[in-house]
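Those letters in the sequence shown? Residues 1 to 630, per full-length UniProt numbering, in order.
Everything below concerns the one structure shown next.
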Amino acid sequence: MGYKEVYDSWKQDPEGFWMQAAEGIDWEEKPSKALFDENAPLYEWFCDGKVNTCFNALDRHVAAGNGDRTAIIYDSPITDTKEEISYAQLLDRVASLAGALQKQGVEKGDRVIIYMPMVPQALEAMLACARLGAIHSVVFGGFAANELAVRIDDAKPKAIIAASCGLEPGRVVQYKPLYDGAIELAKHKPDFCVIYQREQNPVELTEGRDHDWYGFQEGVEPADCVPVEGNHPAYILYTSGTTGAPKGVVRPTGGHLVALNWTMKNVYNVDPGDVFWAASDVGWVVGHSYICYAPLVHGNTTIVFEGKPVGTPDAGTFWRVISEHNVRSFFTAPTAFRAIKRDDPKGEFVKQYDLSCLRALYLAGERADPDTLNWAADQLGVPVVDHWWQTETGWPITGIPVGIEKMEIKIGSSGVPFPGYDIDILDETGQPQAPGTLGAVAIKLPLPPGTLPTLWNAEDRFRKSYLNTYKGYYETGDAGMIDEDGYLYIMARTDDVINVAGHRLSTGGMEEVLASHPDVAECAVIGVTDQLKGQLPVGFVCLTKGVNRPHEEITAECVKLVRDQIGPVAAFKLCVVVDRLPKTRSGKILRATMVKIADGQEFKLPATIDDPAILDEIKDALGTIGYARA
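The following block contains the structure:
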């Protein structure tokens, strides 16, 4: 069947479609049905099934005779370390850690916070929790103490599993002062901590609370898998909320397994045994779904990479990893490719490696501008798929179903909806819009398996954040349009659609134009308050390395480009060159924070910001173009 037939088969019989997909999972007790809608609009999936995530990720592959297959390749250019771990070895490690946790009283339903860098032990900790039916919450290693404390108080973990440090190019990030400070700040105190000592920064353990990773497991019986209900939470992942308080996205076990397993072939076109690489971090949803769970559940080899796209040691690191480890499908954020393109605009490093193993590149995490997408396609000679999803959904909403059909890739589009997602573009009154019309992107309920059923201990907030704006829909918070062929174009966050003298304009559209300038490596456009027009767009551009022309010439050309391609209606007159843009650690540009700086409003420093000093640079840059409110 082609894409249309598969999508239509879901629409005509969603129950049958997902029950068939559930056959790809090993159940302790099979579910009697897929959808449970008794508490609509709070829908759940596979509730009466019994299943264990760790069994599906490890035990079943070993039992099937694939224990010698490589489960994890650890590649750390920062420490010059490479390690391969087989499925059988990983199972032994995970069962041992789970046994030690179980001996300390961790059981089904208990929460465990994991605070780790990109090392295999991070995945072992996640899987050990899943083995016991404990609910893990991974917090990005190096998060500030007060932010970690907020998550401790919300999740109330029985234990914290941490490393002694994380490593960045040229520096060691000491974790112990951070989690010590967080525990001190938090009202809730964990019963104990397990510390993985890294040789780059071993720490003194706190007596009576801390256990050494290896000593903790000595002489302990390995734990068996604990089956849990299909709707039992697998994990809680905190995502930044608009109020500043993090939202605890809940991931249900059964639907999570079914959906992720389905995507590995249909979306990413890999077969069991193939090497799949998602260059992300376990602190983000991509790390949960496509570094840890989906590849292992599907029987793939996953890569745990501790490094950066540039600087560890150069802009050829990604190509080395792909070539050396025979990567078939590669998934990363557009911001990584912008960084590589900025350092190596002519792709000199690409030519140094044999990349014939690579079948496709997948981009997600932020909108992929056409210039970056075209550059990547030209350099790699493989399909470059921009696909769109969210922490809340846990797996892609739209993309190109490469494993089903080699469909047309439309530059600027995030592709077509996957089964389970019925998308409409709505106006302010909630009315569906005609093709080509910009509006709010909303998904008809119920959402498919594996998506969030609620927020942790915050059902009212869940309803308010996602369900109340448009009755019968999940509000994505993104703005975009759908073309005549059903392809979705994500243009901006809903907040980034600006109103210039009554005209609704997408900042994403303006960024597309700016990114096409030959000297621009990266850019952002925000809407700032204007008494006359309501809002005005301001452009920030980062230049490609080696560009020595006067900044005034370049910004004048940028202004002309936008006015020529979008028109005078955009009122685009303000553009400034900056060295870098404020981003989260996952590479998302902090546009909302930039708007508040520009408008002189107070703002809460985002917990996920990569470098707070950049905000001062943005303020100074606004001053150079005469925008005084900042």
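C-beta: ideal position from N, C-alpha, C; glycine also.
- In the displayed model, Met116 falls within coil according to three-state DSSP, outside both helix and strand.
- Cβ atoms of Val297 and Lys50 stay farther apart than 8 angstroms, at about 17 angstroms.
- Per DSSP, the continuous beta strand (DSSP E) segment holding Ile85 begins and ends at 81 to 86.
- Per DSSP, reduced to three states, the secondary structure at Lys189 is coil, with no helix or strand assignment.
- Ala182 is positioned such that its CB atom lies no closer than 8 angstroms to that of Ala159.
- The alpha-carbon of Asp210 is positioned some 47 angstroms away from that of Ser356.
- DSSP links Arg493 through a beta bridge to Asp478.
- In the assembly as shown, Met118 is a buried residue. Its beta-carbon has 16 or more other beta-carbons within 10 Å.
- The three-state secondary structure of Asn499, taken from DSSP, is strand.
- Pro582 is the residue among Pro582, Ile609, Asp610, Lys604 whose C-alpha sits nearest the C-alpha of Glu617.
- In the DSSP secondary-structure assignment, Pro252 is bridged to Pro233.
- By alpha-carbon distance to Asp610, the top candidate from Thr454, Ala360, Gly587, Thr332 is Gly587.
- In this structure, Gly166 sits near Tyr175, with a CB-CB distance shorter than 8 angstroms.
- Within the same chain, Ile397, Thr398, Ser414, Ile490 come within 6 angstroms of Trp388 by CB-CB distance, once the 5 residues on both sides are set aside.
- Beta-bridge analysis with DSSP links Lys583 to Ile589.
- Inclusion of Cys47 and Asn300 in the CB contact set at 8 angstroms is not warranted, their separation being larger than that value.
- By the Cβ test, the region 73 to 81 is in contact with the region 305 to 321, since at least three Cβ pairs between them sit closer than 8 angstroms.
- Burial check for Val569: the Cβ neighbour count within 10 Å stays below 16, so the residue is exposed.
- For the options Pro453, Val249, Ala598, the alpha carbon positioned closest to that of Asp154 is the one of Val249.
- Gln174 is bridged by DSSP to Cys165.
- If you keep only unbroken alpha helix (DSSP H) runs of at least 4 residues inside the region 95 to 143, you get 120 to 132.
- Residue range 520 to 530 is occupied by the beta strand (DSSP E) that includes Glu522.
- By the criterion of a C-beta distance shorter than 7 angstroms, Arg60 is surrounded in its chain by Asp26, once the five residues flanking it on both sides are discounted.
- For the pair Ala279 and Thr332, the CB atoms are nearer than the 8 angstroms cut-off.
- Residues Leu514, Val541 of the same chain have their beta carbon placed closer than 6 angstroms to that of Val520, with the five preceding and five following residues left out of the count.
- DSSP lists Val194 as the bridge partner or partners of His211.
- By the criterion of a C-beta distance shorter than 8 angstroms, Gly486 is surrounded in its chain by Val416, Pro417, once the five residues flanking it on both sides are discounted.
- Note that the region 250 to 268 does not touch the region 559 to 574; fewer than 3 beta-carbon pairs, one per stretch, sit closer than 8 angstroms.
- The residue among Val595, Gly546, Asn52 with its C-alpha nearest the C-alpha of Gly133 is Asn52.
- Collapsing the DSSP output to three states places Gln601 in coil.
- C-alpha of Ala442 to C-alpha of Arg171: approximately 43 angstroms in a straight line.
- Here the alpha carbons of Thr544 and Pro345 stand approximately 7 angstroms from one another.
- Counting the other CB atoms within 10 Å of its CB gives Glu83 a total below 16, which places it among the exposed residues.
- Within the same chain, Phe603, Leu615, Ile618, Lys619, Leu622, Ala630 come within 8 angstroms of Ile597 by CB-CB distance, once the 5 residues on both sides are set aside.
- Looking at the backbone, the Cα of Asn66 and that of Ser516 are separated by about 48 angstroms.
- Between Pro446 and Tyr43, the C-beta gap is smaller than 8 angstroms, which places the two residues in contact.
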